[in-house]
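Engineer: Let me begin by handing over the structure; questions about it come next.
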């Protein structure tokens, strides 16, 4: 008689979980490895990053965001159980308890190998009214559908977005595109706290220019509800902002309820700690990845939490290779992120000033203005590049870019340079693509590097 | 009495020469350094790369291409002598002989330090009719003006471009934009011989799609002239292509007439050989840079000739620093170049297959199809990426990209990775910017790197 195949259990049916399952399936056939995956929502393998564009009408069909359906996974011999939530993880007995959200039925499933891909949970402070109808997060496709349902039922055109990070600014754009009057209420001094304030300020100006009312330095204390029980205003100590719909973009935290209860190791920012092969530290048979883990920041040397689909997909590949008996690692991140508000492109990689200070790095910071194309070329658009370099050594620490067409993906130059631990001096000699429609003769990143070199030298000069 | 200031003589008043002069002037005042610069043409410090766009009407004003006029240079105490050609270099007596092209007057000028920035000369094979009116190169602003004068006088609308390198394809686009029927006669099997033929083929198809008649594998034997002595057709052994105007885009060679006569060292591709500080090898007081020198290719380890404005500007900075008593080097290139034909973007960096073979490198090559944005995002455009990696080691050797919006500058990722001598395995973990409007969740360059990793492994596996 054949041996019983090993069983892999996957908790979470989105990017990491299903990439891991698919990669493991590629490496090991069903007679070697049984795969059971649990997903508590209605969708699998979808692009959460695309939700703002679907809400904004740029992407017309919800299903376009679904990279692979439950059916498609099942055709590959993955036993995917939708609307089934894992409620308990028993690492001693190597089993998970799950509940069918429709029938309420519960059962235990044993595993030989486990993948935790529980993602992140939107931050939802315990404010009065925060759970009222008309208040929406946009973390899942289900969330997006609920928001669109509200929008289609709501006659008023006033939208308030709480928070001004990636989700907040992208949702502000989406709602503007839907024809709403949009107010963004933001706790920070500027939008996009993933940038330094002097760069966030440029985003503020651009959003104001788009007709978005920006309210910075404002702490929301209540979501006021009307007689019908629905949200009707967002309240701060200074002011009240009428709202026909409220969208929360307050960021996320790693969803680690199961992991924490099971005693798995968590890091300082609350994510599960793994080794470089994405195995949970101290556990031979449990992997974790995606928005529920911390990753090594190669610039600061610290573990940190970054919820981003591109990392989640990479984690899934690495985990699937490991589960399937192969070898792969996720060496870490440099903290690259790009976004946009209408035609304003926003990019960052590496450390902000406060990140550098927090790990004891001293730095020089420079900011330059340049253009996306040669100045004489039509549609040459302004671009602001900020660059941080370590004092004395001149090692690149971070880059932030705000501009129009062609600004965002230029940050990749710095992302690779950070990975290679280049100095700004080395960067000045980089052989980057040049032609008048694509770049000034000195690419904006090179202009910043040259200025950073001067700053490093001036700082190092004897007084 | 004050000492006589040193004298710097600069031969050539374009990017390298005038950048060097300006940088030297920043470091040393007129009482320390006298600067005399000779330029045989009518313009200085201009963007030769912009000429096709000016001819095409995308850039309206010729003067827009001039970064700094002769007057502006003179205001900075640079004795710039326009329309004055240096006809002899006497390195023993440290002097140059120049001729005023208007008066014919000649004189010798002594130097303490010399910068040779004589640029490149368009290739002009000695064919019958090649010097006839109506046959134009587009190397200098004067050339561009002459071509525009011809176009404005010519009633016929048939243009033939000879050559299908950067200049050839850009001029084909320019002439299409001017409303000409354009035929490109090209010796190679595909346009853009700076790409491998399988990638050049994509350019061929796109150009054909734009209505450009592409004739590959065709050697021009004659430029036929009419009764009026003007060019009227381009002749190959197989065919004859009627032409109201003929544009030559056959590439360039380093202009080293002076240097060669003076016995300065030249490399295998005919450029002046310098050290890393751009000093002519064996000469303490002579620098050379820009289109007249060879540069170190960091991937192949060989010196080669690359005529490109971005290198010329960097050389100028390095030379100016050296002349001014500072220190800077030009470590070399990886061979990055970007271009476009209408909305088709073309990029390359590193080695082509034949370059790798020529230096004894064995490689695997992969090609992938991806898109500029997430597939579901509007205007997601197809993109083809070819990647070469060294056998066994997996070191990145080169990348070629052909696609639409967002294709060209992605090559910078590979340019930095080449500089850092990354392997394709390392590249798969690069933390590149991801958001649906800017990239698929796996950037096309990462998709290529992943496929290259598989190819390296398959190649290395025991049979």
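Residue numbers (full-length UniProt numbering), protein chains in the order written: chain A, 1 to 463; chain B, 1 to 463.
Using N, Cα and C, we set each Cβ at its ideal position, and we do this for glycine too.
Roughly how far, in whole angstroms, is the beta-carbon of residue 258(B) from the beta-carbon of residue 11(B), given that I think they are within contact range, below 8 Å?
Structural biologist: Along the second chain, one-based indexing puts residue 258(B) at 258. Along the second chain, one-based indexing puts residue 11(B) at 11. Contact holds; Cβ gap of about 7 Å.
Engineer: With H, G and I counted as helix, E and B as strand and the rest as coil, what does DSSP make of residue 389(A)?
Structural biologist: One-based indexing of the first chain puts residue 389(A) at position 389. Three-state DSSP puts residue 389(A) in a strand.
Engineer: Which residue from 352(A), 371(A), 13(A) and 170(A) puts its Cα closest to that of residue 210(A)?
Structural biologist: Translated into positions along the first chain, residue 210(A) becomes position 210. Of the listed residues, the one whose Cα sits closest to residue 210(A) is 170(A).
Engineer: Is it the case that the segment 259–266 of chain B contacts the segment 242–250 of chain B, given that we only count it when at least three CB pairs across the two stretches are under 8 Å?
Structural biologist: no
Engineer: Would you mind reading off the limits of the alpha helix (DSSP H) that contains residue 214(A)?
Structural biologist: Against the first chain, residue 214(A) aligns to sequence position 214. Note, residue 214(A): premise wrong, no alpha helix (DSSP H); beta strand (DSSP E) at 213–215.
Engineer: Whose Cβ in chain A lies nearer than 7 Å to the Cβ of residue 527(B)?
Structural biologist: Beyond the ends of chain B as shown, which are 1 and 463, falls residue 527(B); an answer cannot be given.
Engineer: For residue 375(A), which residues of its own chain have a beta-carbon under 8 Å away from its beta-carbon, when the five flanking residues on both sides are left out?
Structural biologist: In the first chain, residue 375(A) corresponds to position 375, counting from 1. Counting only Cβ-Cβ distances below 8 Å, and skipping sequence neighbours, we find 440.
Engineer: Taking Cβ to Cβ, would you say residue 334(B) is nearer than 8 Å to residue 460(B)?
Structural biologist: In the second chain, the residue the question calls residue 334(B) occupies position 334. In the second chain, the residue the question calls residue 460(B) occupies position 460. No. Outside cutoff.
Engineer: Residues in the same chain with beta-carbon distance under 6 Å from residue 82(B), minus the five sequence neighbours each way, listed in chain order, please.
Structural biologist: Along the second chain, read from residue 1 onward, the residue named residue 82(B) stands at position 82. If we look at residue 82(B) and ignore the five residues flanking it on each side, its Cβ neighbours are 39 and 70.
Engineer: Between residue 324(B) and chain A, is any beta-carbon pair separated by less than 8 Å?
Structural biologist: Start at 1 with the first residue of the second chain, and residue 324(B) comes out as number 324. So no, residue 324(B) is outside the interface.
Engineer: Consider the Cβ of residue 410(A): report whether some Cβ of chain B lies at a distance smaller than 8 Å.
Structural biologist: If you number the first chain from 1, residue 410(A) lands on position 410. Residue 410(A) belongs to the set of residues whose beta carbon lies under 8 Å from a beta carbon in chain B.
Engineer: Of the choices 179(A), 329(A) and 292(A), whose alpha-carbon is the least far from that of residue 122(A)?
Structural biologist: Here residue 122(A) refers to the residue found at position 122 of the first chain. For residue 122(A), the nearest C-alpha among the options comes from 292(A).
Engineer: Would the segment 394–409 of chain A and the segment 355–375 of chain A be scored as touching if the rule is three or more Cβ pairs under 8 Å?
Structural biologist: yes
Engineer: Which full runs of the beta strand (DSSP E) of 3+ residues lie inside the segment 50–123 of chain B, going along the chain?
Structural biologist: 79–81, 84–90, 95–100, 106–110, 113–116 and 120–122
Engineer: Sorted by chain position, which residues of the same chain lie with C-beta nearer than 8 Å to residue 343(A)'s C-beta, five sequence neighbours on each side aside?
Structural biologist: The count along the first chain starts at 1 and reaches residue 343(A) at position 343. Only 404 and 405 meet the Cβ criterion.
Engineer: The alpha helix (DSSP H) that contains residue 169(A), what's its start and end?
Structural biologist: Reading the first chain from its first residue, position 169 is the one you call residue 169(A). It spans 166–177 - the alpha helix (DSSP H) in which residue 169(A) sits, taken as one unbroken run.
Engineer: Could you say which of 206(A), 372(A) and 18(A) lies nearest to residue 443(A) if we only look at CA atoms?
Structural biologist: For the purposes of this step, residue 443(A) is taken as residue 443 along the first chain, with counting starting at 1. Among 206(A), 372(A) and 18(A), the Cα nearest to that of residue 443(A) belongs to 372(A).
Engineer: Is the Cβ-Cβ distance between residue 44(A) and residue 68(A) less than 8 Å?
Structural biologist: In the first chain, the residue the question calls residue 44(A) occupies position 44. In the first chain, the residue the question calls residue 68(A) occupies position 68. Yes, the Cβ-Cβ distance between residue 44(A) and residue 68(A) is below 8 Å.
Engineer: Residue 1(A) by DSSP, collapsed to three states: which one?
Structural biologist: Indexing the first chain from 1 puts residue 1(A) at position 1. With a pLDDT of only 48 at residue 1(A), under 50, the local geometry of the prediction cannot be trusted, and the value read off the model is given with reservation. In the structure shown, residue 1(A) sits in coil (DSSP, three-state: anything other than H, G, I, E or B).
Engineer: In whole angstroms, give me the CA-to-CA distance for residue 233(A) and residue 159(A).
Structural biologist: Sequence index remark: in the first chain, residue 233(A) carries index 233 (1-based). Sequence index remark: in the first chain, residue 159(A) carries index 159 (1-based). Pairing residue 233(A) with residue 159(A), the inter-Cα distance amounts to about 9 Å.
Engineer: Name, please, each residue of chain B whose Cβ falls closer than 8 Å to the Cβ of residue 58(A).
Structural biologist: Mapped onto the first chain, residue 58(A) falls at position 58. Those within 8 Å of residue 58(A) in chain B are 377 and 378.
Engineer: Under 8 Å Cβ-Cβ, which residues of chain B neighbour residue 339(A)?
Structural biologist: As a first step, residue 339(A) must be located in the first chain, where it is residue number 339. The contacting residues are 435.
Engineer: Looking at the C-beta of residue 267(B), does it have a partner C-beta in chain A at a distance below 8 Å?
Structural biologist: Start at 1 with the first residue of the second chain, and residue 267(B) comes out as number 267. No, residue 267(B) does not count as interfacial toward chain A.
Engineer: Would you kindly check if the distance between the Cβ of residue 409(B) and the Cβ of residue 410(A) is under 8 Å?
Structural biologist: Here residue 410(A) corresponds to residue number 410 of the first chain, with the count starting at 1. Here residue 409(B) corresponds to residue number 409 of the second chain, with the count starting at 1. Taking 8 Å as the Cβ cut-off, residue 410(A) and residue 409(B) qualify as a contacting pair.
Engineer: At which residues does the beta strand (DSSP E) containing residue 349(A) begin and terminate?
Structural biologist: Along the first chain, one-based indexing puts residue 349(A) at 349. Looking at the DSSP string, the run of the beta strand (DSSP E) that includes residue 349(A) is 344–350.
Engineer: Leaving out the 5 sequence neighbours to the left and right, which residues in its chain are closer than 6 Å to residue 26(B) when beta-carbon positions are compared?
Structural biologist: Reading the second chain from its first residue, position 26 is the one you call residue 26(B). Here the set comprises nothing.
Engineer: Which value, in whole angstroms, describes the spacing of the CA atoms of residue 1(B) and residue 91(B)?
Structural biologist: Walking along the second chain from the start, residue 1(B) turns up at place 1. Walking along the second chain from the start, residue 91(B) turns up at place 91. Reliability fails at residue 1(B), whose pLDDT of 48 lies under 50, so the model's placement of it is uncertain and the value that follows must be treated cautiously. Rounded to the nearest angstrom, the two C-alpha atoms are 29 Å apart.
Engineer: If you drop the 5 nearest sequence neighbours on each side, which residues of the same chain put their C-beta closer than 7 Å to that of residue 421(A)?
Structural biologist: Position 421 of the first chain holds residue 421(A). Excluding sequence neighbours, residue 421(A) sits near 395.
Engineer: I'd like the span of the beta strand (DSSP E) that includes residue 127(A), first residue to last.
Structural biologist: What you label residue 127(A) is simply residue 127 of the first chain in a count that begins at 1. Element bounds for residue 127(A): n/a, residue is neither H nor E.
Engineer: Within the 8 Å Cβ cut-off, does residue 314(A) reach chain B?
Structural biologist: Counting from one through the first chain, the residue named residue 314(A) turns up at place 314. For residue 314(A), the answer is yes, since a Cβ of chain B falls inside 8 Å of its Cβ.
Engineer: Can you tell me where the alpha helix (DSSP H) holding residue 454(B) begins and where it ends?
Structural biologist: Taking the first residue of the second chain as 1, we reach residue 454(B) at position 454. That run of the alpha helix (DSSP H) goes 444–460.
Engineer: Going by the DSSP bridge assignment, what does residue 371(A) pair with across the sheet?
Structural biologist: The residue given as residue 371(A) occupies position 371 in the first chain. DSSP output for residue 371(A) lists 382(A) as bridge partner(s).
Engineer: Show which residues of chain A have a CB atom less than 8 Å away from the CB atom of residue 381(B).
Structural biologist: By 1-based counting over the second chain, the position of residue 381(B) is 381. Here the premise fails: no neighbours, minimum Cβ distance about 14 Å.
Engineer: Contact criterion: CB-CB distance below 8 Å. Does residue 420(A) meet it with respect to chain B?
Structural biologist: As a working mapping, residue 420(A) is identified with position 420 in the first chain. Cβ-Cβ to chain B under 8 Å: yes for residue 420(A).
Engineer: Spell out whether any CB of chain A is found under 8 Å from the CB atom of residue 442(B).
Structural biologist: For this step, residue 442(B) is matched to residue 442 along the second chain. Yes, residue 442(B) lies at the interface with chain A (some Cβ there is under 8 Å from its Cβ).
Engineer: Could you check where the beta strand (DSSP E) with residue 253(A) kicks off and where it finishes?
Structural biologist: As a first step, residue 253(A) is located in the first chain; it is residue number 253 there, counting from the start. 252–254 is the extent of the beta strand (DSSP E) around residue 253(A).
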